[in-house]
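**Student:** Handing you a structure now.
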Amino acid sequence: MPDEGPALVLGSVRGRRSFGVLPDGRLTGLYYTQAWAAGENQASCFHEGGVLVELPGGSVAVRGAHSRSIGTTHGLQGCTCGFYAYYRADPYARSGRISGIIEGFGRVVLGTQGFRAEKARILALVAGRDLRRTCERYPDVAWFAEERAMLAEFPPTQDGPSL
Amino acid sequence: MAGPGIARVRRNAAARLGDIGEEDEEIEVVPMPREVPVPEPMTEPAPEEVPA
Chain A
2 MPDEGPALVL
12 GSVRGRRSFG
22 VLPDGRLTGL
32 YYTQAWAAGE
42 NQASCFHEGG
52 VLVELPGGSV
62 AVRGAHSRSI
72 GTTHGLQGCT
82 CGFYAYYRAD
92 PYARSGRISG
102 IIEGFGRVVL
112 GTQGFRAEKA
122 RILALVAGRD
132 LRRTCERYPD
142 VAWFAEERAM
152 LAEFPPTQDG
162 PSL
Chain B
217 MAGPGIARVR
227 RNAAARLGDI
237 GEEDEEIEVV
247 PMPREVPVPE
257 PMTEPAPEEV
267 PA
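Quick note, the sequences are listed as chains A and B, same order. With the first letter of the first sequence counted as 1, position 64 gets the number 65 in my numbering; the numbers rise by one all the way through. With the first letter of the second sequence counted as 1, position 32 gets the number 248 in my numbering; the numbers rise by one all the way through.
This is the structure in structure tokens:
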């Protein structure tokens, strides 16, 4: 019997997450430092061949991993790749990081506390400091001075999407 | 050679980097089409009545 693939769901799922920021204003993941683009982002799997590097200050990053595209030959199931976001508290929120809301779609694994997705776009960000360069990089993103206001206008999906 | 503070990433060890809790099966989420404003229908002004 042919593989029918994952079940199709119409909609999207929203979650909170944190970003790092490069000197040129582009946002990055906290562990994988590929930059987020404005609009749609496609995740790659970096879980083979990399090294986990502890950076000064206690943060960590992954270096030297081989990239694999996510699609027909490599799904999210059975791996840990994808863009991560959380329905309620963001466990990685720290001072100096950028908080935001993303919309996940494409291949998605839903968890009890959040999701990881093959594709994502940034919907909203909190500018707690001067982020002029970042604002210019992401013109379609809604910016907020306070996280509370962002969550009111872009509430994360509670307990996953309604299927 | 890996120095202090550098560890080999193993496939399962990466799970601790992002914990979304107990995971369900993978699904394919197709975004809803974004709402596009429908333009108002063009209406021609009623012809002025011309007295016979």
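Yeah, the Cβ is synthetic: ideal placement off N, Cα and C, and Gly gets one too.
For the alpha helix (DSSP H) containing residue 152 of chain A, list its first residue and its last residue.
**Tutor:** It spans 148 to 154 - the alpha helix (DSSP H) in which residue 152 of chain A sits, taken as one unbroken run.
**Student:** Determine the DSSP secondary structure at residue 135 of chain A, reduced to helix, strand or coil.
**Tutor:** Helix.
**Student:** Apart from the five residues just before and just after residue 15 of chain A, which ones in its own chain have a Cβ nearer than 8 Å to its Cβ?
**Tutor:** These residues qualify, in order along the chain: 86, 102, 103, 104, 105, 124, 155, 156, 157, 158.
**Student:** Considering residue 118 of chain A, what are the terminal residues of the beta strand (DSSP E) in which it resides?
**Tutor:** Residues 115 to 127.
**Student:** Please say whether residue 153 of chain A and residue 129 of chain A have beta carbons closer to each other than 9 Å?
**Tutor:** In this structure, residue 153 of chain A does not lie closer than 9 Å to residue 129 of chain A by Cβ.
**Student:** With 8 Å as the limit, tell me which residues of the segment 4 to 31 of chain A have their beta carbon closer than that to any beta carbon of chain C; keep them in chain order.
**Tutor:** Going by chain labels, chain C is absent from the structure shown, which instead holds the protein chains A and B.
**Student:** Per DSSP, residue 243 of chain B is paired with what?
**Tutor:** Answer is A/8, A/109, bridged to residue 243 of chain B.
**Student:** Any C-beta of chain A sitting closer than 9 Å to the C-beta of residue 230 of chain B?
**Tutor:** Interpretation of residue 230 of chain B is limited by its pLDDT of 40, a score under 50 that renders its predicted location unreliable; the figure taken from the coordinates is listed afterwards. Yes, residue 230 of chain B counts as interfacial toward chain A.
**Student:** Between which two residues does the beta strand (DSSP E) containing residue 210 of chain A stretch?
**Tutor:** It is not possible to answer for residue 210 of chain A, since the shown part of chain A is limited to 2 through 164.
**Student:** Residue 192 of chain A by DSSP, collapsed to three states: which one?
**Tutor:** A query on residue 192 of chain A cannot be resolved here, the shown segment of chain A reaching from 2 to 164 and no further.
**Student:** So residue 94 of chain A is in the beta strand (DSSP E); what residue range does that whole segment cover?
**Tutor:** Premise fails: residue 94 of chain A is in no beta strand (DSSP E) and is neither H nor E.
**Student:** Counting pairs of beta carbons, one from the segment 107 to 116 of chain A and one from the segment 87 to 97 of chain A, are three or more of them closer than 8 Å?
**Tutor:** Yes, they touch.
**Student:** So which of A/37, A/111, A/13 has the shortest CA-CA distance to residue 136 of chain A?
**Tutor:** Nearest of A/37, A/111, A/13 to residue 136 of chain A, Cα basis: A/37.
**Student:** Taking 9 Å as the CB-CB cut-off, is residue 256 of chain B touching chain A?
**Tutor:** With 9 Å as the cut-off, residue 256 of chain B does not count as an interface residue toward chain A.
**Student:** Could you check whether the Cβ of residue 92 of chain A sits closer than 9 Å to any Cβ belonging to chain B?
**Tutor:** Judged by the 9 Å Cβ criterion, residue 92 of chain A is in contact with chain B.
**Student:** On the CB-based measure, 16 or more other CB atoms within 10 Å of its CB, does residue 150 of chain A come out buried or exposed?
**Tutor:** Exposed, since its Cβ has fewer than 16 Cβ neighbours within 10 Å.
**Student:** Since residue 31 of chain A contacts residue 21 of chain A with CB under 8 Å, what's their CB separation in whole angstroms?
**Tutor:** Rounded, the Cβ-Cβ distance is 6 Å, consistent with contact.
**Student:** Which chain B residues sit within Cβ distance under 7 Å of residue 77 of chain A?
**Tutor:** Neighbours of residue 77 of chain A on chain B, chain order: 242.
**Student:** Going by DSSP, what residue range makes up the beta strand (DSSP E) through residue 21 of chain A?
**Tutor:** Looking at the DSSP string, the run of the beta strand (DSSP E) that includes residue 21 of chain A is 14 to 22.
**Student:** How big is the Cα-Cα spacing for residue 34 of chain A and residue 256 of chain B?
**Tutor:** Cα to Cα, residue 34 of chain A sits roughly 47 Å from residue 256 of chain B.
**Student:** Nearest to residue 24 of chain A by CA position, among A/70, A/80, A/131, is which residue?
**Tutor:** Out of A/70, A/80, A/131, A/131 has the C-alpha closest to the C-alpha of residue 24 of chain A.
**Student:** I want to verify the contact list: residues of chain B whose CB lies under 7 Å from the CB of residue 113 of chain A, in sequence order.
**Tutor:** The answer, in chain order, is 237, 238.
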